[in-house]
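Beneath this line is the structure, given in structure tokens, with notes to follow.
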Amino acid sequence: MKQKVATIFGGTGFVGRQVVRELAAKGVLVKVATRVPERAYFLKPAGAVGQIVPWAVDYSDDESLSAAIKGSDYVVNCIGILFESGKKANFSKVHTELVSRIGGFCKAHNVERFVHISALGCDRYGSKYAKSKLAGEEAAQDAFEDVCILRPSIIFGEDDGFFNKFAEMSRYMPFLPLIGGGNTKFQPVYVGDVADAVIAALHRKDAKAQIFELGGPEVISFKDVYKKIFKYTGRERGLIVMPFMLAKLQALFMGVLPKPPLTCDQVESLKYDNVLGDDARGLKVLGIKPTAMDVILPTYLESYRQGGRFSELKEA
Ligand SMILES: NC(=O)c1ccc[n+]([C@@H]2O[C@H](COP(=O)([O-])OP(=O)(O)OC[C@H]3O[C@@H](n4cnc5c(N)ncnc54)[C@H](OP(=O)(O)O)[C@@H]3O)[C@@H](O)[C@H]2O)c1
153 MKQKVATIFG GTGFVGRQVV RELAAKGVLV KVATRVPERA YFLKPAGAVG QIVPWAVDYS
213 DDESLSAAIK GSDYVVNCIG ILFESGKKAN FSKVHTELVS RIGGFCKAHN VERFVHISAL
273 GCDRYGSKYA KSKLAGEEAA QDAFEDVCIL RPSIIFGEDD GFFNKFAEMS RYMPFLPLIG
333 GGNTKFQPVY VGDVADAVIA ALHRKDAKAQ IFELGGPEVI SFKDVYKKIF KYTGRERGLI
393 VMPFMLAKLQ ALFMGVLPKP PLTCDQVESL KYDNVLGDDA RGLKVLGIKP TAMDVILPTY
453 LESYRQGGRF SELKEA
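If you want the numbering used here, it's the 1-based position in the sequence shown plus 152.
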């Protein structure tokens, strides 16, 4: 039987690298599409010699994009940005226009399956990020009608940008901000479960032309996120309520930084709960049992303990 070939866009990222590893473990030949091939070198040991191929793509060039897809049976798009920077990396270009072009080349090259990672709540929220993600879903569907779309809530796992960010802040800040009162609800989902969902979406017949919402087994508030971090790092901090307006003002100043830790658009997202819809089809339909946060969080948050990973855990 011919070995399957997959192109993973954004395969160097937090979600993409997990997808690359899982596909490699299944014997698939994986092209890790990236702007900087050196960024994908660390993934090579996850496969046999020559099985994981860093693939340079110039996204401004159609030929380069087309070559990354040509010959692949599967394409997964894990590209995303959290803030805009310059003309090339704005939400509309990355989350919408690029998705349309990737979908178009999937169609042109008769790709068997195309899976696109979107974001939970993009159909409900008013942030610029969410609107561009929703437009990206429509662009993917227009270009490739059988596209399977996955909408994860906040994703956790080693290297995540959410729990790690607040755990890092708790190291040097005596008080942490409860933006908007800290009542926004999330349904964090494990990165391994998201990757499993991608694999299921690539293989299951009933995943064609479907949208799945991915959430974990627990709904927690922003305030509870801090509590979990305090529990596993053994470092308790004061919490101060920061109204949305004040958070936006702070984000306005941070916006001048090359990698702003908070943007006005992210503050806007925090006004809406990030939980699965009542009749959402999710991990269960794809045959996946969601992993609890309490199983995974201690495995990487323990490195934030005073004295490091091997120090004794103090009660927070
Ligand atoms: N992480 C979460 O909690 C979360 C929650 C909901 C939805 N999502 C969605 O899940 C997907 C994956 O997220 P992630 O956390 O894995 O993101 P990530 O770690 O930041 O990785 C994003 C990838 O996108 C590529 N990329 C970034 N800017 C680009 C640009 N201007 N042009 C082309 N490629 C670009 C990067 O690849 P190179 O630098 O190698 O080119 C990188 O590997 C995204 O669509 C995101 O919106 C994530």
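For every residue, glycine included, the Cβ atom is placed at its ideal position computed from N, Cα and C.
{"Item": "Suppose you measure from the CA of Asp446 to the CA of Thr385; what does that come to, to the nearest Å?", "Value": "13 Å"}
{"Item": "So Val299 is in the beta strand (DSSP E); what residue range does that whole segment cover?", "Value": "Element bounds for Val299: n/a, residue is neither H nor E."}
{"Item": "Assuming Glu365 contacts Leu428 under a Cβ cut-off of 8 Å, what Cβ separation, rounded to an integer in Å, is found between them?", "Value": "5 Å"}
{"Item": "Hey, how far is the Cα of Gly367 from the Cα of Phe462?", "Value": "31 Å"}
{"Item": "On a CA-only basis, which of Glu454, Leu354 and Arg389 is nearest Glu174? Give me that one, please.", "Value": "Leu354"}
{"Item": "Can you tell me the Cβ-Cβ gap for Lys487 and Asp225, rounded? I've got them flagged as a contact below 8 Å.", "Value": "Because the chain is modelled from 153 through 468, residue 487 falls outside the range shown and cannot be assessed."}
{"Item": "Inspect the beta-carbon positions of Phe338 and Ile254 and report whether they are closer than 8 Å.", "Value": "no"}
{"Item": "Out of Ser373, Tyr452, Leu435 and Leu398, which has the shortest C-alpha to C-alpha gap to Tyr424?", "Value": "Ser373"}
{"Item": "By a C-beta neighbour count over all protein chains shown, 10 Å radius and 16 as the cutoff for buried, is Val393 buried or exposed?", "Value": "exposed"}
{"Item": "Rounded to whole angstroms, what's the CA-CA distance from Gly165 to Leu217? Just pull it up for me.", "Value": "18 Å"}
{"Item": "Measuring CB to CB, does Val228 end up less than 8 Å from Val350?", "Value": "yes"}
{"Item": "Apart from the five residues just before and just after Thr336, which ones in its own chain have a Cβ nearer than 8 Å to its Cβ?", "Value": "Ser373, Phe374, Leu422, Lys423, Tyr424, Asp425 and Asn426"}
{"Item": "Check whether the Cβ atoms of Arg389 and Pro326 lie closer than 8 Å to each other.", "Value": "yes"}
{"Item": "Which residues does DSSP list as the beta-bridge partners of Ile204?", "Value": "Val182"}
{"Item": "Arg276: buried (16+ other C-beta within 10 angstroms of its C-beta) or exposed?", "Value": "exposed"}
{"Item": "Going by C-alpha distance, which of Ala347, Ile363 and Arg169 is nearest Lys441?", "Value": "Ala347"}
{"Item": "Need the endpoints of the beta strand (DSSP E) that Asn229 sits in, please.", "Value": "Tyr226 to Asn229"}
{"Item": "Considering Cα atoms alone, identify which of Gly309, Ala287, Asp311 and Leu401 is closest to Ile301.", "Value": "Ala287"}
{"Item": "Compute every distance between the C-beta of Lys240 and the non-hydrogen atoms of ligand 1, then say whether any falls below 7 Å.", "Value": "yes"}
{"Item": "Would you call Ala399 buried or exposed, if buried means 16 or more other Cβ atoms sit within 10 Å of its Cβ?", "Value": "buried"}
{"Item": "Would you say the beta carbon of Glu310 comes nearer than 7 Å to a heavy atom of ligand 2?", "Value": "For the structure depicted, ligand 2 is absent and the ligand set comprises only ligand 1."}
{"Item": "Taking only the alpha-carbon atoms, compute the straight-line gap between Phe266 and Gly459 and give it to the nearest angstrom.", "Value": "45 Å"}
{"Item": "In this structure, how does DSSP classify Ile160 when only helix, strand and coil are distinguished?", "Value": "strand"}
{"Item": "Could you tell me how far apart the beta carbons of Cys230 and Ile204 are, in whole angstroms, since I believe they sit closer than 8 Å?", "Value": "So it is not a contact: roughly 15 Å between Cβ atoms."}
{"Item": "Considering only their Cβ atoms, is the gap separating Ile306 from Pro340 smaller than 8 Å?", "Value": "yes"}
{"Item": "Report yes if the C-beta of Gly367 is less than 7 Å from at least one heavy atom of ligand 1; otherwise report no.", "Value": "no"}
{"Item": "Kindly indicate the opening and closing residues of the alpha helix (DSSP H) around Glu365.", "Value": "Unbroken run through Glu365 is the beta strand (DSSP E), Ile363 to Leu366; no alpha helix (DSSP H)."}
{"Item": "Would the beta-carbon of Ala220 fall within 8 Å of that of Ala185?", "Value": "yes"}
{"Item": "For the alpha helix (DSSP H) holding Met321, just list the boundary residues, first then last.", "Value": "Phe315 to Tyr324"}
{"Item": "Taking Leu453 and Ile381 to be in contact with their CB atoms under 8 Å, please state how far apart those CB atoms are, rounded to whole angstroms.", "Value": "6 Å"}
{"Item": "Measuring from the CB of Ile254, is there a heavy atom of ligand 1 at a distance below 7 Å?", "Value": "no"}
{"Item": "Could you check whether Ile448 and Tyr342 sit closer than 8 Å to each other, using their CB atoms as the reference points?", "Value": "yes"}
{"Item": "Output the boundary residues of the beta strand (DSSP E) element that contains Phe266.", "Value": "Arg265 to Ile269"}
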